[in-house]
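When we follow full-length UniProt numbering, the leftmost residue of the sequence shown carries the number 1, and every step to the right adds one.
Here is the structure we will look at.
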Amino acid sequence: MRIIPTRIHGILDYLVGIILIAAPWVFDFDNGGAETWVPVIVGIMVLLQTIMTDFEVGIIRKIPMASHLRMDFFIGLFLAASPWIFNFDEVVWAPHVIFGVFSILASLMTRRVPSTVASTSRSSIVNDMNNNRL
Numbered sequence: 001m002r003i004i005p006t007r008i009h010g011i012l013d014y015l016v017g018i019i020l021i022a023a024p025w026v027f028d029f030d031n032g033g034a035e036t037w038v039p040v041i042v043g044i045m046v047l048l049q050t051i052m053t054d055f056e057v058g059i060i061r062k063i064p065m066a067s068h069l070r071m072d073f074f075i076g077l078f079l080a081a082s083p084w085i086f087n088f089d090e091v092v093w094a095p096h097v098i099f100g101v102f103s104i105l106a107s108l109m110t111r112r113v114p115s116t117v118a119s120t121s122r123s124s125i126v127n128d129m130n131n132n133r134l
């Protein structure tokens with residue numbers, strides 16, 4: 001059930017990327033280890049990926065939306081598992097798991113085709129039909 005429009009997904013990506021980068025200091029787990037740097041690096045990756053995705057809020061537009069969603073899924077798995085992968089689950093785990101699960105769910109619930117592509121396709125079909133009548 002893909003109910004999230006790509007534009008909303010992109011806006012959420014920008015917000016989540018910024019929140020992930022700030023999370024260790026905002027949620028007070030900035031001990032300088034993996035618990036600090038995993039969300040910072042993942043946040044940077046999310047922002048770069050969003051900037052480079054071919055959808056309404058992308059800037060460089062080189063990554064297809066389907067690839068973006070696949071990467072979001074795997075980034076979410078990694079983020080959610082990171083407290084146990086890097087053995088900092090006794091220090092902090094909730095923010096990593098919450099944002100990881102959010103990323104997984106967003107990847108599974110977002111439409112694969114940006115609205116601009118769908119509307120462009122519809123308008124080009126209408127134009128083709130009009131041109132063939134003349």
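Heads up, the beta-carbon is just placed ideally off N, CA and C, and yes, glycines get one too.
Buried or exposed (CB count within 10 angstroms, at least 16 for buried), Phe88:
Along the sequence shown, one-based indexing puts residue 88 at 88. It counts as buried.
Are the CB atoms of Glu56 and Ser115 nearer to each other than 8 Å?
By 1-based counting over the sequence shown, the position of residue 56 is 56. By 1-based counting over the sequence shown, the position of residue 115 is 115. Contact: yes.
If I measure Cβ to Cβ from Ile18 and keep anything under 6 Å in the same chain, skipping five residues before and after, which residues do I get?
What you label residue 18 is simply residue 18 of the sequence shown in a count that begins at 1. Counting only residues of its own chain and dropping the five nearest sequence neighbours on each side, Ile18 has no CB closer than 6 Å to any other CB.
Any heavy atom of the ligand MG within a distance shorter than 7 Å of the CB on Leu69?
You won't find the ligand MG in this model; it holds no ligand whatsoever.
CA nearest to the CA of Val16, picked from Val91, Pro95, Leu108 and Met109:
For the purposes of this step, residue 16 is taken as residue 16 along the sequence shown, with counting starting at 1. Here the closest residue by C-alpha is Pro95.
Can you grab the Cα-Cα spacing for the pair Ile8 / Lys62, in whole Å?
For this step, residue 8 is matched to residue 8 along the sequence shown. For this step, residue 62 is matched to residue 62 along the sequence shown. Their Cα atoms are separated by approximately 19 Å.
For the putative contact between Ile75 and Met45, defined by C-beta atoms under 8 Å, what is the C-beta separation to the nearest angstrom?
Here residue 75 corresponds to residue number 75 of the sequence shown, with the count starting at 1. Here residue 45 corresponds to residue number 45 of the sequence shown, with the count starting at 1. Correct: roughly 7 Å between the Cβ atoms.
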